[in-house]
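Using the working numbering, the letters of the sequence shown map in sequence onto residues -13 to 374.
The C-beta atom is built at its ideal place from N, Cα and C for all residues, glycine as well.
Since the structure is predicted, the reported quantities are computational estimates derived from the model, not experimental observations.
The structure appears right after this line, and notes come after that.
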Amino acid sequence: MVPVGIDKISFFAPHLYTDMTELARARNEEPGKYLVGIGQTEQAVVPPTQDVVTMAANAADQMLTAADRQAIDTIIFATESGIDNSKSGAVYLQRLLGLNEWTRTIEMKQACYAGTYGLMQARDYVALHPGSKVLVVASDIARYGLHTPGEVTQGAGAVAMLVTENPRIVTLERDNQFKSADIMDFWRPVYATEALVDGHFSADVYRDFFKTLWERYKAVTGRTIHDFKGFAFHLPYTKQGLKALRDILPEASETQQAALLAEFEASRVYNKRIGNLYTGSVYLSLLSLLSNSTTLQAGDRLGIFSYGSGAEGEFYSAIVQPDFKQGLVSGQLETLFAKRQQLSIPAYEQLFNEQLSGAEDRVLDISQDPAKFVLAGLQRQQRQYVAH
Ligand code: CAA
């Protein structure tokens, strides 16, 4: 069967952020708790002029050529912070990105897991239709609320991936192990804008799912930890992935343990500074690993662990390709970090309460938002998306 996988990957987060040392002080917590105990140093903040649609468009636009835009025949939009209960975010993307009208468009939801399902659908579709290209986007805004324990784990952003045959970055292996259980660790009823969460329970279930799937993966495939060069975890906060990795590290030699921990550090460089982006989190971690590892090479096997509360988990592997650096947008995150503006805690708190909501017509000031695609307001209950 023709190899299929991720040919290009691109990321977008808004131009605003807060510093976790400042947030800790404002919340009467030791900075060490946020920086080390949780493992977050900065957090992306969303202005009213960005939502999951504009973030996804801004991520995808940076990697697509004119030929890609003609060739894409499916857009899969994964999110748990969608803006409409009927219309999919993917349809907006088809117009904003100037994609072919002969395109399938769909939105998917299962907490932070939906991006992985979208990726696997894309892989299997391209395998059956060689030559097709599928755009998979994972775009979310993680909101727990001011002064909540989850506040330090908020964040936002979008990851866009182009799935093709003979991909440049990684091939997606057919070794997926997955598991679901109907539990209430984290959820968001349709009337709520902030998530409800049983925080410590959710963290325990995450680790339990990882361990269970890792054991099942090894039993089914015959592989061991020695077959893996590194891992990319869903990172609701980066300490969570570290705990999962530590759970299996004793299976490795001391030398490999040190190497896996070094790769883990590479895999969380970006997530530490963006925060949780739900569906996109594990793929931002993959991007971070691909961009920041100094040792990755063609043929290396990476383990990918995706977790979505509620709950569903999936573990699979991906194989690094010779030209993987060519599929990345060069210096993308470094440019984003260099240009973004820090907000004071009071300014962040004010913006937190200014997200577009309600049905009233509203015109937003887009002059301060440097992103190409922005939300200009609401007219007749229709979101006004513009490129500027
Ligand atoms: N220096 C260093 N570390 C410190 C410290 C200090 N001064 N003070 C405390 N710590 C450590 C603690 O020892 C603890 O470490 P361990 O977890 O290794 O024991 C860590 O900091 C956190 O401390 P607490 O457990 O006391 O923190 P908390 O109770 O205030 O909240 C939380 C932690 C439950 C994760 C909370 O942030 C939360 O609810 N987050 C949202 C839910 C979440 O992200 N769940 C993850 C799994 S669910 C999922 O993955 C889906 C998803 O995206 C949501």
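Taking only heavy atoms of ligand 1 into account, decide whether any of them is closer than 8 Å to the Cβ of residue i.
i	result
E16	yes
H186	yes
F172	yes
Y130	yes
I290	no
N86	no
N262	yes
H133	no
Y256	no
S267	yes
Q96	no
G136	yes
P222	yes
K19	yes
G101	no
Y192	yes
K165	no
V145	no
Q226	yes
A181	yes
A30	no
V315	no
K197	no
S271	no
A399	The question about residue 399 has no answer here: the residues shown for the chain are numbered -13 through 374.
I211	no
S279	no
A189	yes
V22	yes
Would you grab the beta carbon distance between residue i and residue j for me? Rounded to a whole angstrom, and I think it's under 8 Å.
i	j	result
V123	A46	6 Å
A238	L246	6 Å
L21	T7	7 Å
A146	S(-4)	5 Å
A76	I58	Not confirmed; about 11 Å, so no contact.
F291	F219	5 Å
F195	Y293	6 Å
Q328	T4	7 Å
R13	H133	7 Å
Just verifying my parser: in three-state terms, what is the DSSP assignment at residue i?
i	result
R326	coil
G75	helix
Y223	coil
F(-2)	strand
D5	strand
F214	coil
V149	strand
M106	helix
Q168	Going by the sequence as given, residue 168 is Asp instead of Gln. Three-state DSSP puts D168 in coil, outside helix and strand.
K229	helix
S277	helix
W173	strand
K95	coil
I127	strand
Q368	strand
L182	strand
Check this for me: beta carbons of residue i and residue j, under 9 Å apart or not?
i	j	result
A100	E66	yes
Y203	F301	yes
L199	L158	no
Q96	G296	yes
Q48	V315	yes
L282	F310	yes
N257	S274	yes
V149	L288	no
T265	G25	no
L2	I331	no
S166	P222	no
G385	L270	Since the first residue of the chain shown is -13 and the last is 374, residue 385 is not available in this structure.
G261	Q140	yes
R55	L83	yes
I234	K197	yes
G313	K(-6)	yes
S125	V31	no
Y177	A230	no
P153	G(-9)	yes
D190	F172	no
Check the Cβ-Cβ distances between residue i and every residue of chain C, and say whether any is below 9 Å.
i	result
H1	The chain labelled as chain C is not found in the depicted structure, where only one protein chain is given.
How about residue i: is its Cβ closer than 8 Å to a heavy atom in ligand 3?
i	result
T139	Because ligand 3 does not appear in the structure shown, any question about it cannot be addressed here, the ligands present being ligand 1.
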